[in-house]
Amino acid sequence: ITPMDGVFHSQFEETVRPYIDLIDTLREIGVGEDISLPSIAVIGDQSSGKSSVLEALSGVALPRGSGIITRCPLQLKLRKIKNEVKWQAVLSYKDTSIKLEDPSQVEGCVSKAQNMLAGDGVGICDDLITLEIMSANVCDLTLIDLPGIARVPVQGQPEDIGDKIKNLIRRFIEKNETINLVVVPCNVDIATTEALKMAQEADPEGRRTLAILTKPDLIDKGTEKIILKIVRNQVIPLSKGYIVVKCRGQRQIEDGTSLEQAIQEEIGFFKNHEFFRCLLQEEKASVNCLATKLTQDLVDHIKKSLPLLADEINKQLRNSRAELNHYHKVSPPLETENLKEFFIGIMIKFNEKINRMASGAAGYRDNLFVQLNSEFKQWKEQLDCTKSSFHQVVQDVVDDYDLKYRGRELPGFSDYNVFEMVVQRLVIELKEPAIDRLRVIRGTFTPLTAFTSHCFHNLEQCISANKIEDIQLKQEEKVEQRIMEQFEMEKLLYTQDEIYFKTLNEIHSSGELASEDRYPGLESRNKYPEMLKAYYEIVVQRLADQVPMLIRYFMLKESAHLLCTEMLGLTDCANIAEVLREESDISRRRITTQARIERLTIAQKKLRNFI
C-alpha cells in the first residue's frame, strides 16, 4: 500500500482541503505580512528527528545531518492529488520559483535555497522558503519547519547563534494562531528538552502544543512504561497530547530503505512491540496517525480562527483605507495640466492654517495666541512687581526733597522736573524687560516653519529655507523698534486729565474726590506719592497692553499676511512639477498601503465564503 493509504476518506478530504487552501491562499497573497495566520510550526532540539518526521509526512528527503541543517523557515505545503496525476513540486523563495519533477531533486534544491538566503556555512536567515508538494502519497497539510535549537555554537557560528535561533522560533510559536509541533526523542529526559520548554513558555496551558516522540527503537530496556505514561499524557499534560513515531534512521538510509518502505517497517515495529502495540489501537502511534491528527487539528484551528481573522482583516482594511485617503489628499495628480490647480489648493490650505495660527480664533489646537497668552500674562505680572519699588523711590524723593533735590525755589515749593525725571528713569528701566520678553516670545513661532504637508520636501525647502526666517527677523526688528519708540514716548509723561483723575480717585481711599475743579490741594508735596502712584498705574496698564499688541500685530497678523503673499507668489514663478515631486519614502508608503488594501480586500472576499 502507499504511505498515506487509509489516512482520509474522500468525504473527509473534501471538507479539509478548502480550509487549508484558504489559509495557504491568504499566505500566498501576502496577508501574513498584516495579520497572523493559522499554521503549524515544527520545532525541536538539534538531532531530535525533526527532519525525519517531515520526510515521512512529505515523502521526500530533506537536508539532514549534524548541526544546524534547517537554516531558514521552510514552509512545507502538502497537496494530496489523484493517483493518476504525476508527482510534482515547486520550490519558492524571494523572487525565485523552481519546478521540480522528481523527489530526488528536493534535498539539493532546498540546500541551495538556504545557501542563497543565509549564505554558505552555518548562518541562519528569517526569509521563508516554500516547498509545495503535490502527490497521491501525502495528506493535505501545511507546516513550517524551523531551525533546530542549538545549545553550543560550532566552528564558524557566531557566539549568539542559540539566541538568534530562539528569537526566530519565538516569533512563530508565541502567536495564538500557531499550533506548536514539538519533536522530542524518546531516549532523552523529556523535561530537559529545550524545544518543549520553549513551547511551554509560549503556550503555558498546552492548548496549542502537540508533541511527537521519535526514536522509540533507541530507548533503554525498562523505560518503556515511562514512554507509555508520557504518550498517555500522564507526565507533562498537553491538551493535544502526544504521538510516537518511528521514522527512517541513518542505518536505513545507508541500507537504501525508501521512505515508503520505512513507513511499512514502522507499522510492523509497533504491531510487534511488546509495550507499544497498544498505541496503534489508541491512535497514538505511527506517521499515518500523526498525519491524520495534524490535518484535523489544523482544520479545527482554522475554523475557530476565522471569525477573529475576519474581524482583524476588516479593521486593517479600515485603517489602511483611511491612511490611503490621507495620501490621496496630499499626492499630486499624474496629469501635468492639473498640477497648478493642485498646487494652488495646497497653498490655500497652507495660508488657511497660517491665518488660523495667527488670528487667535478659538477651537484650534495650533492657535498661537493660546501659547502667547501665558507670555503676556507673565509680562503683566512683571510690570506689577515693579510698582512697590516705584512707590518707594517716589516716597524717598518726597521725604528727602529739601535735603537732596531743592533748588532755587523757596521752602514749601517743589520742582515738577525733579519728579518727572524720577518717573522717566524708573519707566525707562522697563525697556530691557520688554525687549527680553519679545525675544522669549520669538521661540513660540517655530510652528510657522513647519509646512502643512510633509510629503513635498522640495516645497518645504522652497518655503522654509529663507522666506519664513527672513519674515520673522524683519518683523521682530519692527516690533523692537516700536517698543523702543513706545518707551521714548513714555518719557513725555502724559495722560488725559480725565483718565488721570479717574485712576487717582480709584486708589484714593478717603477724602474729597479729585477733579479738574478740585485739584489745588493736590499740589501739597505729601500728596505727590499718591499722585505719581496713580500715574504709574496708568503707565503699567498702557505697557501691559501695548507691548503684546505690538507683538500680535507685527509678529502674528502682519507676518501671516506677508507669508501668505509669498506663498501665493510661488504659483506663478515656481517649477510646479519639481516642487511637487514627492519624497521616495512617501511614495513608497502609499504604494505599500495600496498593495495592503488589495490583498486584504481579496482576503475579505475569500473569507465570506466560509463565514
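If you're matching positions, the sequence shown starts at -17 in my numbering and goes up one per residue. The beta-carbon is built from N, C-alpha and C at its ideal position, and this holds for glycine as well. Bear in mind that the values here come from a model prediction, so they are computed numbers and not experimental data.
Buried versus exposed, by CB contacts within 10 Å (16 or more), residue i
{"i": "F433", "result": "Low confidence applies here, because F433 scores a pLDDT of 47, under 50, leaving its location unreliable; read the following figure in that light. Result: buried."}
{"i": "A173", "result": "exposed"}
{"i": "A304", "result": "exposed"}
{"i": "L(-3)", "result": "Going by the sequence as given, residue -3 is Thr instead of Leu. Under this definition T(-3) is an exposed residue."}
{"i": "V134", "result": "exposed"}
{"i": "Q457", "result": "buried"}
{"i": "H283", "result": "buried"}
{"i": "Y476", "result": "exposed"}
{"i": "K81", "result": "exposed"}
{"i": "Y224", "result": "buried"}
{"i": "Y75", "result": "buried"}
{"i": "K228", "result": "buried"}
{"i": "D418", "result": "exposed"}
{"i": "K64", "result": "exposed"}
{"i": "V376", "result": "buried"}
{"i": "C54", "result": "buried"}
{"i": "D237", "result": "exposed"}
{"i": "E472", "result": "buried"}
{"i": "G41", "result": "buried"}
Residues near residue i by beta carbon distance below 6 Å, same chain, minus five either side
{"i": "A542", "result": "I336, N337 and A340"}
{"i": "R581", "result": "I11, G12 and V13"}
{"i": "G105", "result": "none"}
{"i": "R9", "result": "L19"}
{"i": "R(-1)", "result": "D122"}
{"i": "E183", "result": "none"}
{"i": "L163", "result": "I22, V24 and L192"}
{"i": "S396", "result": "R507"}
{"i": "M116", "result": "R61, I63 and Q70"}
{"i": "R590", "result": "none"}
{"i": "I111", "result": "C54, L56, Y75 and A95"}
DSSP-derived helix/strand/coil call for residue i
{"i": "N65", "result": "coil"}
{"i": "A177", "result": "helix"}
{"i": "E89", "result": "helix"}
{"i": "P415", "result": "helix"}
{"i": "K386", "result": "helix"}
{"i": "L82", "result": "strand"}
{"i": "A585", "result": "helix"}
{"i": "P140", "result": "coil"}
{"i": "R53", "result": "coil"}
{"i": "C107", "result": "coil"}
{"i": "V42", "result": "coil"}
{"i": "G238", "result": "coil"}
{"i": "Y518", "result": "helix"}
{"i": "S506", "result": "coil"}
{"i": "K331", "result": "helix"}
{"i": "V281", "result": "helix"}
{"i": "I593", "result": "coil"}
{"i": "C260", "result": "helix"}
{"i": "G101", "result": "coil"}
{"i": "Q374", "result": "helix"}
{"i": "K253", "result": "helix"}
{"i": "K32", "result": "helix"}
{"i": "P289", "result": "helix"}
Other residues of its chain near residue i: CB distance less than 7 Å, five sequence neighbours each side excluded
{"i": "D16", "result": "Q298, R578 and L582"}
{"i": "K539", "result": "A340"}
{"i": "P219", "result": "G188"}
Bridge partners - residue i, DSSP secondary structure assignment
{"i": "K59", "result": "E114 and T124"}
{"i": "L163", "result": "V24 and L192"}
{"i": "L73", "result": "I80 and L113"}
{"i": "I131", "result": "D27"}
{"i": "A267", "result": "V226"}
Contact set for residue i: own chain, Cβ-Cβ below 8 Å, skip 5 residues either direction
{"i": "L200", "result": "P167, C168 and N169"}
{"i": "K588", "result": "L4, T7 and L8"}
{"i": "E187", "result": "S221"}
{"i": "V35", "result": "V24, V165, I194, T196, V227, C229, V269 and L272"}
{"i": "D84", "result": "W69"}
{"i": "Q528", "result": "Q468"}
{"i": "E470", "result": "none"}
{"i": "I593", "result": "L288, P289 and A292"}
Interface flag, residue i vs chain D, CB-CB below 8 Å
{"i": "E248", "result": "No chain D appears in the structure shown, which is made up of a single protein chain."}
Every unbroken beta strand (DSSP E) within the segment 194 to 231, with a cutoff of 3 residues, ordered by chain: Within the segment 194 to 231, the complete beta strand (DSSP E) segments at least 3 residues long are 224 to 226, listed from N- to C-terminus.
Every unbroken alpha helix (DSSP H) within the segment 527 to 551, with a cutoff of 4 residues, ordered by chain: With a minimum length of 4 residues, no continuous alpha helix (DSSP H) run stays inside the segment 527 to 551.
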